[in-house]
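In this note's numbering, the protein residues as written are 39 to 161.
We put the beta carbon where it would ideally sit given N, CA and C, even for glycine.
Treat the numbers as computed from the prediction; the structure is a model and nothing was measured.
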């Protein structure tokens, strides 16, 4: 996991991680002039789900857990490595599952927003 964490921190990852947030907020800004539309509310829901359950959870929980793991010496005795893995693996898997659910719900809300048919003549 330490090797994965080292490799994942690259410009492509940061572009996709921050880009998803920026593009989602841009979609909300585009739909903001029509706050009564179903599409606006679905995009707003996607923003709340992704920002809270995807972006912030990743930033505040998973990244800090990854930093703690990076501090573990790979050359430490097997007992120390086993304890570090036990302390890391279960909580990290749980929070990764939570952010997967929130990100998936955000994606479904965005897909739903794309499929909503609205009368463009009304404001």
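Supposed contact pair residue j and residue i - C-beta distance, whole angstroms, cut 8 angstroms
i	j	result
residue 65	residue 81	5 angstroms
residue 151	residue 87	12 angstroms between Cβ atoms; not a contact.
residue 62	residue 84	6 angstroms
Spatially closest choice to residue i from the options, by CA coordinates
i	options	result
residue 137	128, 52, 73, 91	91
residue 162	149, 156, 124, 139	Since the first residue shown for the chain is 39 and the last is 161, residue 162 is missing from the structure and cannot be characterised.
residue 133	114, 102, 111	102
residue 145	117, 47, 72, 89	89
Close beta carbons around residue i, own chain, < 7 angstroms, minus the five adjacent residues each side
i	result
residue 52	none
residue 142	none
6 angstroms CB neighbourhood of residue i in its chain, flanking five on each side removed
i	result
residue 76	154
Cβ shell of residue i (< 8 angstroms), same chain only, five flanking positions each side left out
i	result
residue 121	none
residue 100	130, 133, 134, 137
Between the region 106-118 and the region 78-94, do three or more beta carbon pairs fall short of 8 angstroms?
No contact exists between the region 106-118 and the region 78-94.
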